[in-house]
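One structure below.
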Amino acid sequence: MGPVDRINTTHRHWVLPSGDEARDEIPRRVLFPQELERCAEASGFEVLDMSDGTGAGLTDPTACTVARRVQR
Numbered sequence: 014m015g016p017v018d019r020i021n022t023t024h025r026h027w028v029l030p031s032g033d034e035a036r037d038e039i040p041r042r043v044l045f046p047q048e049l050e051r052c053a054e055a056s057g058f059e060v061l062d063m064s065d066g067t068g069a070g071l072t073d074p075t076a077c078t079v080a081r082r083v084q085r
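So the sequence shown is numbered by the working numbering: it starts at 14 and just counts up by one.
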């Protein structure tokens, strides 16, 4: 992840039982919690919870956000 672009790219490689191999990569933009909340609200969602399960704030890469669509 670069200091400016905040792109986290995951590279995956599988070896299948047949011996064939497959590869792919998934680039993901990393958002700050406040940025994610603003984007969700601007798209008509209300953020209900943001958690990473550690109880120490949003520090773990497995953090998730729960939101619901707001009826307008």
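We put the CB at the ideal spot given by N, CA and C, even for glycine.
Around the Cβ of residue 55, a 10 Å sphere holds fewer than 16 other Cβ atoms; the residue is exposed. In the structure shown, residue 55 falls within a helical segment according to DSSP collapsed to helix, strand and coil.
Using a 10 angstroms sphere on the CB of residue 69, the tally of other CB atoms stays under 16, which defines it as exposed.
The beta carbon of residue 19 is closer than 7 Å to those of 42 and 43 in its chain, skipping five residues each way along the sequence.
Only buried fits residue 53, as 16 or more other CB atoms lie within 10 angstroms of its CB.
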